[in-house]
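Positions 1 to 62 (our numbering) are the ones given, in order, by the sequence shown.
Ideal placement from N, C-alpha and C gives every residue a C-beta, glycine not left out.
These figures come from a predicted structure and were not determined experimentally.
See below for the structure under consideration.
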Amino acid sequence: MTDKWLTVKEVAEYLKISTDLVYKFAQRGKIPVSKVGNQWRFDREEIDAWVKAQRPRTRSKT
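Encoded structure:
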């Protein structure tokens with residue numbers, strides 16, 4: 001995939017999750033999304049940043 005803007009189906013394939021989950025995240029504002037007409041579009045760079053932000057925080061042992 002080299003497109004900057006992804007469809008719901010492409011994001012689902014990219015993240016290896018269902019399209020239903022992508023729709024749910026988009027509707028709830030949990031994933032960065034833009035709406036073009038009546039279609040959702042996802043910026044690949046924003047999706048990458050969002051995924052990285054989902055990483056669990058680890059505690060460092062002192």
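Residue nearest to residue i in terms of C-alpha spacing, selected from the options
{"i": "LYS4", "options": "THR19, GLY37, PHE42, GLU13", "result": "PHE42"}
{"i": "TRP40", "options": "ASP48, ALA49, GLY29", "result": "GLY29"}
{"i": "VAL51", "options": "ILE31, ARG57, LYS24", "result": "ILE31"}
Helix, strand or coil at residue i according to DSSP, with G and I counted as helix
{"i": "ARG41", "result": "strand"}
{"i": "LYS52", "result": "helix"}
{"i": "MET1", "result": "In this predicted model, MET1 has a pLDDT of only 47, less than 50, meaning its place in the structure is not dependable; the value taken from the coordinates is given anyway. Three-state result, MET1: coil."}
{"i": "VAL33", "result": "coil"}
{"i": "LYS24", "result": "helix"}
8 Å contact criterion, which residue i and residue j should meet: CB distance rounded
{"i": "ARG44", "j": "LEU6", "result": "6 Å"}
{"i": "SER18", "j": "ALA12", "result": "6 Å"}
{"i": "VAL8", "j": "TYR23", "result": "6 Å"}
Sheet register partners of residue i (DSSP bridge)
{"i": "LEU6", "result": "PHE42"}
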